[in-house]
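Chemist: Mind the numbering: the sequence shown is residues 1 to 501 in the working numbering, read in order.
Just so you know, even glycine gets a beta-carbon here, dropped at the ideal spot from N, CA and C.
Before I ask anything, here is the structure I am working with.
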Amino acid sequence: MSEQALPGKPRQAPMDAGGYSRRRFIGTGACALAVAGLPAAARAVTNYKGHDVIVVGAGLSGLHAACILQEQGLDVMTLEGRNRIGGRVYTLMDVPGKPEAGGEWMGANYARMIDTSQRLGLQMLGPDEASDIREWCYRIRGEYILASDWESHPLNPTEGDDRRILPHRMLFELSHKNNPLSGQPLDAWITPEFARFDIPQTHYLKEYLGFDDETIRLMNVVIHTDHMDNTSALHEMRRYAVGEFNASRALANAGQPAWVQIKGGNSRLPEAMAASLDNPVELNKTVYAFEDKGKEVTVHCMDGTRYTARQVICSTPWPVLRKVKFTPRLPARMERAIDEIDYGTSIQVHFLLRKNFWELDEMPGSMWTDEPFERFGVHHRGPNGEATSAVAFINGNEAYKYDFMSDEQVSEYTMRELERVRPSLKGALEPIGIQSCHREVHGGGDWVFWRPGQVGQFAAHMREAHGNIHFAGEHTALMERGMEGAFESGERAAVDALLRS
């Protein structure tokens with residue numbers, strides 16, 4: 001799958017770690033790196049009794065790195081703190097319709113991920129086949145609004161053609177207007193040319209794009225950070241530039257769906273990747289310390305076990321890494337980055353459906369609101385598109401209050417709020433569980449977000465090795481984001497480890 005230049009000026013394939021171009025990586029396939037040019041020592045067999053590489057984290061980035069290294073003949077051990085494989089990819093297999101509680105859709109630009117899925121024999125489903133949340137109704141300032149009424153509604157704060165943009169699309173559509181990163185190489189966000197946009201997103205939306213406070217308030221409902229005031233405009237620009245790149249790939253692949261899921265659930269991919277490894281992934285291995293002795297690294301786990309290897313690839317999220325000890329200590333810049341850079345917060349509350357409540361009030365079942373529960377979606381994932389389950393999805397600052405509640409209290413509070421604003425929901429919902437990477441000891445949050453000023457301070461340095469320890473994870477990706485960003489980072493870390501083997 002070759003990369004095509006975005007609309008605008010032609011550009012060269014961006015360069016990643018070690019001078020490898022992204023085009024070259026995509027062309028080689030997910031785990032089929034061209035390593036003929038590596039030094040012979042990189043693949044030499046020795047009598048060393050430890051592992052060649054230990055990978056910490058069995059999410060997509062760690063597993064992709066492990067697959068690449070094993071394919072090149074290295075002995076790889078993978079450690080995972082959770083009791084399951086997949087990290088932020090998490091299909092709720094026991095819930096009707098098997099909804100995704102983590103990474104949900106693969107875009108047309110997810111070349112590595114799609115290639116890996118196909119090579120492992122997994123089937124893809126497009127949006128028509130993986131029918132899910134359908135039409136939304138909106139509840140804003142206590143008033144229900146249908147999509148057909150939004151353009152002319154007095155609560156619509158936008159002007160001109162922007163009035164046609166529905167509330168659930170406002171964050172994407174309006175943030176991406178006149179995006180300075182549009183048509184630029186995907187790594188342009190860390191270059192000095194765009195450093196002036198490493199400012200609060202609210203400032204950018206007001207001063208550069210002219211949006212008012214109410215428009216920004218509605219956009220903030222689904223922000224995947226904590227609040228726009230604390231989010232770098234460069235972070236958001238990058239999100240939508242990558243989205244634009246995905247759209248360009250979809251146009252270049254006419255006849256192929258722009259978005260796909262894995263048949264049977266996205267969790268089948270990391271599970272299949274783990275199953276392909278010679279050394280089974282060790283679960284429930286919470287790492288609390290790395291000890292780099294120069295010629296080998298010892299990895300210390302909370303259960304008392306220790307593992308040694310020549311090199312380590314660490315895909316642990318930064319908020320979790322704050323609690324991990326490094327000997328020798330990390331460089332000052334890296335320590336600051338780990339201490340200061342945060343992940344987005346969210347919480348999902350999942351429900352079984354006891355009745356089709358939307359037939360009682362004759363409104364769409366799914367709601368986008370400025371209420372405490374923010375979004376409520378009905379999953380239509382049955383064989384013929386039947387409703388199968390529902391989820392309340394809360395992002396950003398609104399999610400923090402749930403930190404003071406137990407899982408049971410979260411479910412009760414959310415169901416009470418839903419029934420308050422929509423009486424037809426009374427007796428319609430049965431709580432079945434919650435999911436929140438923010439609440440997980442091994443998660444730390446949804447995905448990395450950059451606060452104003454942090455891109456310039458840290459973004460170009462997060463891929464630097466610390467002795468024999470390399471860092472991976474979506475938070476270290478330079479080009480892509482989301483699940484493909486995880487693959488990108490695992491690939492780069494694996495190449496770095498190969499070059500130093």
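Report the CB separation of lysine 323 from leucine 79 in whole angstroms; it is logged as a contact under 8 Å.
Modeler: Contact flag wrong, Cβ pair sits at about 16 Å.
Chemist: Glutamate 417 and phenylalanine 373: beta carbons closer than 8 Å?
Modeler: Yes, they are a contact pair.
Chemist: What does the alpha-carbon distance come out to for the pair arginine 492 and methionine 415?
Modeler: Cα to Cα, the separation comes out at about 44 Å.
Chemist: The alpha helix (DSSP H) spanning cysteine 67 covers which residue range?
Modeler: Run containing cysteine 67: 60-71, per the alpha helix (DSSP H) assignment.
Chemist: Would you mind reading off the limits of the beta strand (DSSP E) that contains leucine 353?
Modeler: 346-353
Chemist: Would glycine 62 and aspartate 292 qualify as a contact pair, given that the criterion is a beta-carbon distance under 8 Å?
Modeler: no
Chemist: According to the Cβ coordinates, are glutamate 135 and alanine 147 closer than 8 Å?
Modeler: yes
Chemist: Can you say whether alanine 486 is buried or exposed, counting buried as having 16 or more other CB atoms within 10 angstroms of its CB?
Modeler: Under a 10 Å Cβ-count criterion, alanine 486 is classified as buried, with 16 or more other Cβ atoms of the shown protein chains found around its own Cβ.
Chemist: Take arginine 163 as the anchor and find which of Phe172, His153, Leu171 has the nearest alpha-carbon.
Modeler: His153
Chemist: By the three-class DSSP mapping on this structure, what secondary structure does histidine 176 have?
Modeler: coil
Chemist: I'd like to check one pair, leucine 92 with histidine 350: are the Cβ atoms closer than 8 Å?
Modeler: yes
Chemist: Within this structure, are the beta carbons of histidine 579 and proline 99 separated by less than 8 Å?
Modeler: This structure cannot settle anything about residue 579, because the visible part of the chain is limited to 1 through 501.
Chemist: Go ahead and pull the three-state DSSP assignment for leucine 503.
Modeler: No answer is possible for residue 503: the residues shown for the chain start at 1 and end at 501.
Chemist: Which first and last residues belong to the alpha helix (DSSP H) in which glutamine 435 is found?
Modeler: Bounds of any alpha helix (DSSP H) do not take in glutamine 435; it lies within the beta strand (DSSP E) bounded by 429-435.
Chemist: Given this structure, state the Cα-to-Cα distance separating isoleucine 216 from tyrosine 208, to the nearest angstrom.
Modeler: Roughly 13 Å separates the two Cα atoms.
Chemist: Give me the Cα-Cα distance between valine 299 and glycine 443, rounded to the nearest whole angstrom.
Modeler: 19 Å
Chemist: Among the residues of its own chain, which have a CB less than 8 Å from the CB of glutamate 371, if the five just before and after it don't count?
Modeler: Arg139, Glu417, Val421
Chemist: For the alpha helix (DSSP H) holding aspartate 496, just list the boundary residues, first then last.
Modeler: Taken as a continuous stretch (DSSP letters only), the alpha helix (DSSP H) holding aspartate 496 covers 482-499.
Chemist: In whole angstroms, what is the alpha-carbon distance linking arginine 481 and cysteine 301?
Modeler: 29 Å
Chemist: Measure the C-alpha to C-alpha separation of leucine 360 and valine 391 and round it to an integer number of angstroms.
Modeler: 19 Å
Chemist: Valine 366 and isoleucine 133 look like a contact to me (Cβ under 8 Å); what is the Cβ gap, rounded to whole Å?
Modeler: The sequence shown places serine at residue 366, rather than the valine named in the question. In this structure serine 366 is in contact with isoleucine 133, their Cβ atoms being roughly 5 Å apart against a cut-off of 8 Å.
Chemist: Decide if the region 448-458 is in contact with the region 221-233; the criterion is three or more beta carbon pairs, one per stretch, under 8 Å apart.
Modeler: yes
Chemist: Is proline 200 helix, strand or coil by DSSP?
Modeler: strand
Chemist: Kindly confirm or deny that the region 107-119 and the region 389-407 touch, where touching means at least three C-beta pairs closer than 8 Å.
Modeler: no
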